[in-house]
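Here full-length UniProt numbering is used: position 136 in the sequence shown is 136, and no number is missing along the way. In this text, a Cβ means the ideal position worked out from N, Cα and C, and glycines have one as well. Read through the structure below, which is laid out as structure tokens, and then see the notes.
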Amino acid sequence: MDGFLLSRAERTLRTSGVRHGYDTAAAAASALTNGDTGLIVGALPFDPERPAALTAPESWEFTDGPWRPGTVAALPSVRVVRQVPEPTEHVARVRSLVERLREGALGKVVAARSVTLRADAPISAESLAARMIHQNPTANGFAVDLSAAGDGFRGRSLVGASPEVLLSRRGRRVTCRPLAGTAPRRADPEADEKEGRGLLESTKNLAEHAFVTAWIRDVLAPLCTELTVPASPVLTSTHEVWHLATPIEGVLREQSTSALSLAVLLHPTPAVCGTPTDAALATIRDVEDDRRFYGGAVGWCDGDGDGDWVVAIRCAEIAADGLEALATAGGGIVAESDPESELDETTTKLRTLLRALGVQQSP
Ligand SMILES: C=C(O[C@H]1C=CC=C(C(=O)O)[C@@H]1O)C(=O)O
1 MDGFLLSRAE
11 RTLRTSGVRH
21 GYDTAAAAAS
31 ALTNGDTGLI
41 VGALPFDPER
51 PAALTAPESW
61 EFTDGPWRPG
71 TVAALPSVRV
81 VRQVPEPTEH
91 VARVRSLVER
101 LREGALGKVV
111 AARSVTLRAD
121 APISAESLAA
131 RMIHQNPTAN
141 GFAVDLSAAG
151 DGFRGRSLVG
161 ASPEVLLSRR
171 GRRVTCRPLA
181 GTAPRRADPE
191 ADEKEGRGLL
201 ESTKNLAEHA
211 FVTAWIRDVL
221 APLCTELTVP
231 ASPVLTSTHE
241 VWHLATPIEG
251 VLREQSTSAL
261 SLAVLLHPTP
271 AVCGTPTDAA
281 LATIRDVEDD
291 RRFYGGAVGW
301 CDGDGDGDWV
311 VAIRCAEIAA
321 DGLEALATAG
331 GGIVAESDPE
341 SELDETTTKL
351 RTLLRALGVQ
361 QSP
């Protein structure tokens, strides 16, 4: 696909053409500070050691509100052809992680699983993004060309609708809206409300959430003159799930702290990785395949250092020929987690993408 798209409730950024690609955040940051480009867009991978997919676009445009495309190509029929790990293996993996968590060296770790989808005609990244944004207009819809990450990513794209904002920076003001802690939505309004209330009172989910806010506080505190981190989260919802969310606000000490540098410092938060970060990352590298761009960050940074970065969840990576897509979802595991419920949680989260592709099958 040509260019980059980030559709947010209040504003949409669309770019076209590529003047330069960067596979590290450091190279992209230098291009901004040297004045080689006025805007960097793209994706940071889950694993900070892996290549990024960042570009200096030829041109760009911000418009008000979520993206409202004209006509887009229809989406093909799609089916699930592979699951990694298989659901039973995911349950076994979570069970062994819970044992490790109970030993105490790790506080939290996020376990993820993937499904491979095969399409009978090419999936257009733009059409999938349009469908996901239409179904989730308040979510952060994105479509990113991953080619700048080099071999293994050329022509591939990442498409999703994330409910989670890693950070926004406008001048010295920085805001974050981390999510962690999940309950399913229910069709019956009373049962649905009960799920939400239950989530707000769940000690297990509150603990899972607190790891994320503590991390963000620790990263931002030295960089800010003012920082407000509410003591308890609020409820937020998508079509599929309830989440716990904490709106965080800060004022940066230095005008030179850009949105891109903040994204690099904050990522990976315990919403996608765990606590302590190094031990959780080592565990994930050990037990899972490379997550590629799932669980990374997608966003932009301009020459003034302003920008928005969202967490790359509820998304899929689409193959260069459009005939395959890899959708991944994960969940935070703590010592009190129940392995079967964790499997159900990933299935529910995968539905955001599967619903957009019209897949009825529940992996
Ligand atoms: C890691 C994912 O979700 C994160 C965001 C919200 C709630 C989460 C949770 O309850 O585990 C996860 O931290 C995902 O959707 O793949």
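In terms of Cβ geometry, K204 and S337 form a close pair [threshold 9 Å]. The region 67-76 and the region 158-168 do not touch, with fewer than 3 CB-CB distances between them shorter than 8 Å. Taking a cut-off of 8 Å on C-beta distances, the region 290-302 touches the region 35-50, as three or more cross pairs fall below it. Pairing V91 with T116 gives a Cβ-Cβ distance that is not under 9 Å. Note on the region 69-120: whole alpha helix (DSSP H) runs with a minimum of 4 residues are 87-103, in chain order. A148 places its beta carbon 9 Å or farther from that of G250.
A distance below 8 Å between beta-carbons, with the five flanking residues on each side excluded, links V110 to the following residues of its chain, in chain order: P270, A271, V272, C273, G274, A280, I284, G295, G330, G331, G332, I333.
Straight-line spacing of the CA atoms in G42 and H239 works out to 26 Å. Pairwise C-beta distances place the region 51-60 in contact with the region 25-34, as three or more of them are shorter than 8 Å. Annotation note: the region 179-208 contains the following uninterrupted beta strand (DSSP E) runs of length 3 or greater, listed N- to C-terminal: 179-184. DSSP places H134 inside the alpha helix (DSSP H), whose first and last residues are 125-135. Under the criterion of beta carbons closer than 8 Å, L252 and V174 qualify as touching, at roughly 6 Å.
Just so you know, the alpha carbons of L223 and Q360 end up roughly 46 Å apart. In this structure, the alpha-carbon of T257 lies about 15 Å from that of H267. Judged by DSSP in its simplified three-state form, W309 adopts strand.
Linking D218 to G17 through their CA atoms gives a straight-line distance of about 38 Å.
Beyond the five residues adjoining it in sequence on each side, T328 comes within less than 6 Å, by CB distance, of A112, S114, Y294 in the same chain, given in chain order. Placement of the Cβ of E164 at a distance of less than 8 Å from at least one heavy atom of ligand 1 is found. Fully enclosed beta strand (DSSP E) runs of no fewer than 3 residues occupy 224-228, 234-237, 241-245 of the region 220-250, in order along the chain.
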